[in-house]
Amino acid sequence: MLPSLSALRVFEAAARLNSFSRAADELHVTHAAVSHQIRLLENWFGRPLFVREKRSVRLVPDASALAQTLSVSLMRIEAEARAFRMKANGELTVACIASIATRWLIPALPDFLSANPDLNVRVVYAITEQRFRDADCDVLITLGEEMGEGRECTRLFSRANRPVASPRYLERRGRPQAAQEIAGADLLHDETPERWLNWCRKAGLRPAGPLRGPIFQDFNLLATAVIAGHGIALCPTEVFRREIDSGDLVILSDIETLVDEGYFLVTAKPASAPALTFRDWFSAITRR
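Given below as structure tokens:
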């Protein structure tokens, strides 16, 4: 007889995250429920599975193979379940972060629907750096790569950020010619001034005081503000390729940050045929 499948699922999450609390958050249960399921499983095996430490847990050495096998098996079950649901409903669910959805996915989506009339596409928001396991979707477009068994990652854009401004702002305030002039201009901040501080450090500048300027909680709000001519923003230039090519935004410096980061499209591995069709289509769109 097999041990409880619920307990095995809890064990896999706790082993992967090295934490009962984080496993509880991922599975949307209480810490006590996770501890209870682990105790049931340890009773079934007749031996401990974790070494309990103050703020974390770690697997006993012999349990690593079991945890790895469970992770791969659960990912395969998840992929098959998604594929079966898609066949039954004829629906492809795409979770996408807002910056990519508004600038790339939604404008081009009618072409995909026209080429795939039998497929119902549902587009939902993904939060920044969301993981495929948590997104309840067939395709995830997000910030950051997701490695591991059962996942296929396709790089879409670099996240390299450079200072940009609209022509109307430059006409009104003049175009800054040096990094020092950019740092002293009307800066627009995405969630925190830290990104502009990092750019200043990269440019060899040491601001004498805090950087001023409005802070926008949502990146699309920042994008609206910079295109409207409110100031200078740090933007991923590949994501804003169309606005730059059309002249709606102007790159002001070659100094860039976040060069090693990127935006990715994630599917299960193996992926369903509709998910692969969407991946190939959207990857081609972003390369144009």
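Residue numbers (the working numbering): -1 to 286.
Backbone N, C-alpha and C fix where the C-beta goes; we use that ideal spot for every residue, glycine too.
Every value quoted in this text rests on a predicted model; they were computed, and no experiment measured them.
Discussion item. Check whether the stretch 132 to 151 and the stretch 258 to 266 touch, using three or more Cβ-Cβ pairs below 8 Å as the test.
Written reply: yes
Worksheet entry | Bridge partners - Glu143, DSSP secondary structure assignment | Looking at the DSSP assignment, Glu143 forms no beta bridge with any residue, so it has no partner.
Practice prompt. Take Lys52 and list the residues in its own chain whose beta-carbon comes closer than 7 Å to its own, dropping the five residues that flank it on each side.
Written response: none
Item to complete: Pick out whichever of Thr126, Glu78, Pro105 and Leu72 has its Cα sitting closest to the Cα of Cys94.
Response: Thr126
Fill in: Short Cβ contact (8 Å threshold) for Arg160 with Ile249
yes
Discussion item. Here's the rule I'm using: 16 or more other beta-carbon atoms within 10 Å means buried, otherwise exposed. How should His26 be labelled?
Written reply: exposed
Discussion item. By DSSP's criteria, Tyr167 is part of a beta bridge. Which residues make up the other side?
Written reply: According to DSSP, Tyr167 bridges with nothing at all.
Worksheet item: Comparing alpha-carbon positions, which option in Ser156, Ser2, Asp188 and Ala177 lies nearest Gly260?
Response: Ser156
Worksheet item: According to the Cβ coordinates, are Glu24 and Leu38 closer than 8 Å?
Response: no
Discussion item. Taking 8 Å as the threshold (C-beta atoms), are Ile230 and Leu195 in contact?
Written reply: no
Worksheet item: Where does Asn218 sit, in a helix, a strand or coil, going by DSSP?
Response: helix
Worksheet item: Helix or strand or just coil, what does DSSP make of Glu150?
Response: strand
Item to complete: Assign Gly172 to buried or exposed, taking buried as 16 or more other Cβ atoms, counted over all protein chains shown, within 10 Å of its Cβ.
Response: exposed
Fill in: Residues of its chain near Arg129, where Cβ-Cβ distance is below 7 Å and the 5 sequence neighbours each way are ignored
Glu144
Worksheet item: Less than 8 Å separating the beta-carbons of Ile36 and Val70?
Response: no
Practice prompt. Tell me whether the beta-carbon of Ala61 lies closer than 8 Å to the beta-carbon of Val32.
Written response: no
Worksheet item: Smallest Cα separation from Ala183: which of His228, Ala158 and Ala271?
Response: His228
Item to complete: Label Val257 either buried or exposed according to how many other C-beta atoms from any shown protein chain fall within 10 Å of its C-beta, with 16 as the threshold for buried.
Response: exposed
Item to complete: For Cys233, write down the residues that DSSP places opposite it in a beta bridge.
Response: Arg160
Practice prompt. Would you please state the rounded distance, in angstroms, between the beta carbons of Ser291 and Leu72? I believe it to be under 8 Å.
Written response: One cannot answer for residue 291 here, as it falls past the ends of the chain, which runs -1 to 286.
Worksheet item: Which whole-angstrom value is the C-beta distance of Leu90 and Asp136, which I expect to be below 8 Å?
Response: 5 Å
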